[in-house]
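Trainee: Residues 508 to 760 (our numbering) are what the sequence shown spells out, left to right. Before we start, here is the structure in question, set down as structure tokens.
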Amino acid sequence: MLRWVATALSLALAGHAAVAECPADALGTSRVLEVDATTPRVGLKHFASTLPLAAKEVVLTFDDGPSPGTTTRVLDALARECVKATFFLLGQNAAAHPELARRELAEGHTVAHHTFAHPPLDRLPADAAQAEIDRGMAAVDTVLYGSTAAAPRTPFFRFPGFASTPELLARLEARGIVVFGADFWASDWNQMTSAEELRLTLARLTESGRGIVLFHDTKARTAAMLPGFLRALKAGGYRIVHVVPARPHSTGL
Ligand SMILES: [Zn+2]
């Protein structure tokens, strides 16, 4: 318990420091949305339902990191605008760059899971796929918290390449782990300039009007366009929603 209190205190202090440095016109985080297994799969690109977002509400998500250089720039851009995002980490990258994973957590972002090494899980036997998922979660939690358990600290998972299977989805749901898809994305895995990515992503946001957006913090073009994207959200009246795991003891904070 003491350890948890110390962690909560350090997070609160980190959050306070970030707020203190916020420019007056920063985008800011509009609200915190607790997510639990009552919504086991979210994201309209691949699933039938998504998060209960109001019009003009956006959830920022970043996959595949952390990666030196680009993740640092993404974190800097988020800090400048005082917005919180969710990072879906590869265990191997968290282990290789623990300071970046810890910075994400210390700055108040949600740090979640994306396997250890990004294999296409739908091409593996279910037990091997689950072992890969668990290895990633264990690597991230070891870096962030110094320990690991059967259940990840943050029970959010995104499939590499959205390559899920009914069997794996059922196993994750049985463990209370929420599977994140996306409502729209930047297509930042394709070759394009950061200006093109900015235009494309804003056009898709205008079309959907809200939603979970998927970026990759490993992509230089995304790191380059993010400050402009966040400025455009502010100018367009969009609001950032920070998703966090629902926990019984969080209601008192
Ligand atoms: Zn990925």
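Virtual Cβ for every residue (Gly too), placed ideally from N, Cα, C.
What is the C-beta distance between V748 and V565, in whole angstroms, given that I count them as a contact (C-beta under 8 Å)?
Mentor: For this step, residue 748 is matched to residue 241 along the sequence shown. For this step, residue 565 is matched to residue 58 along the sequence shown. So it is a contact: roughly 7 Å between Cβ atoms.
Trainee: Determine, using beta-carbon pairs with one atom in the stretch 536 to 544 and one in the stretch 675 to 688, whether at least three such pairs fall under 8 Å.
Mentor: Judged by Cβ distances under 8 Å, the stretch 536 to 544 makes contact with the stretch 675 to 688, as three or more pairs qualify.
Trainee: Please report how far the alpha carbon of T458 lies from the alpha carbon of S701, in whole angstroms.
Mentor: Look at the range of the chain in this structure, 508 to 760, and you will see that residue 458 is not part of it.
Trainee: Flag D634 as yes when its Cβ comes closer than 7 Å to any non-hydrogen atom of ligand 1, and as no otherwise.
Mentor: Counting from one through the sequence shown, the residue named residue 634 turns up at place 127. No - ligand 1 has no heavy atom lying nearer than 7 Å to the Cβ of D634.
Trainee: Between which two residues does the beta strand (DSSP E) holding R538 run?
Mentor: In the sequence shown, counting from the first residue as 1, residue 538 sits at position 31. T536 to V542 is the extent of the beta strand (DSSP E) around R538.
Trainee: Can you tell me whether D695 sits near ligand 1, meaning its C-beta is under 7 Å from at least one heavy atom of the ligand?
Mentor: Counted from its first residue, the sequence shown places residue 695 at position 188. No, since every heavy atom of ligand 1 falls outside the 7 Å radius drawn around the Cβ of D695.
Trainee: For G535, which residues of its own chain have a beta-carbon under 8 Å away from its beta-carbon, when the five flanking residues on both sides are left out?
Mentor: The count along the sequence shown starts at 1 and reaches residue 535 at position 28. Taken in chain order, the residues that qualify are C529, E588, C589, V590 and I747.
Trainee: Please classify F669: does DSSP put it in a helix, a strand, or coil?
Mentor: Reading the sequence shown from its first residue, position 162 is the one you call residue 669. Helix, per DSSP.
Trainee: Starting from A619, trace the alpha helix (DSSP H) in both directions and tell me its first and last residue.
Mentor: Stepping through the sequence shown from its first residue, residue 619 is reached at position 112. A619 -> not in any alpha helix (DSSP H); beta strand (DSSP E) instead, spanning T617 to H620.
Trainee: Measuring from the CB of H604, is there a heavy atom of ligand 1 at a distance below 7 Å?
Mentor: Here residue 604 is taken as the residue at index 97 of the sequence shown, counted from 1. Because no heavy atom of ligand 1 lies under 7 Å away, the Cβ of H604 does not count as near it: no.
Trainee: Report the option in Y745, F736 and G743 whose CA atom is closest to the CA atom of A584.
Mentor: Taking the sequence shown and counting its residues from 1, one reaches residue 584 at position 77. Among Y745, F736 and G743, the Cα nearest to that of A584 belongs to F736.
Trainee: Less than 7 Å separating the Cβ of D571 from some heavy atom of ligand 1?
Mentor: Indexing the sequence shown from 1 puts residue 571 at position 64. True, at least one ligand heavy atom lies under 7 Å from that Cβ.
Trainee: Quick check: the stretch 616 to 635 against the stretch 688 to 701, are there 3 or more CB pairs under 8 Å?
Mentor: Cβ pair count under 8 Å is below three, so no.
Trainee: Between G643 and F623, is the Cβ-Cβ spacing less than 8 Å?
Mentor: In the sequence shown, the residue the question calls residue 643 occupies position 136. In the sequence shown, the residue the question calls residue 623 occupies position 116. Against a cut-off of 8 Å, the Cβ pair of F623 and G643 comes out as a contact.
Trainee: Do the CB positions of F663 and H604 come within less than 8 Å of each other?
Mentor: The sequence position of residue 663 within the sequence shown is 156, counting from 1. The sequence position of residue 604 within the sequence shown is 97, counting from 1. No. Outside cutoff.
Trainee: Taking the beta strand (DSSP E) that V566 belongs to, which residues open and close that run?
Mentor: The count along the sequence shown starts at 1 and reaches residue 566 at position 59. Its beta strand (DSSP E) spans residues E564 to D570.
Trainee: Could you tell me whether any non-hydrogen atom of ligand 1 is closer than 7 Å to the CB of H553?
Mentor: Taking the first residue of the sequence shown as position 1, residue 553 is located at position 46. Not under cutoff, so the answer is no.
Trainee: Among D532, V549, R538 and G744, which one has its Cα closest to the Cα of G688?
Mentor: On the sequence shown, position 181 is the one that residue 688 refers to. With distances taken between Cα atoms, G688 lies closest to V549.
Trainee: Drop a sphere of 10 angstroms on the beta-carbon of V750, count the other beta-carbons inside from all chains shown, and report buried for 16 or more, exposed for fewer.
Mentor: Along the sequence shown, one-based indexing puts residue 750 at 243. Buried is the call here.
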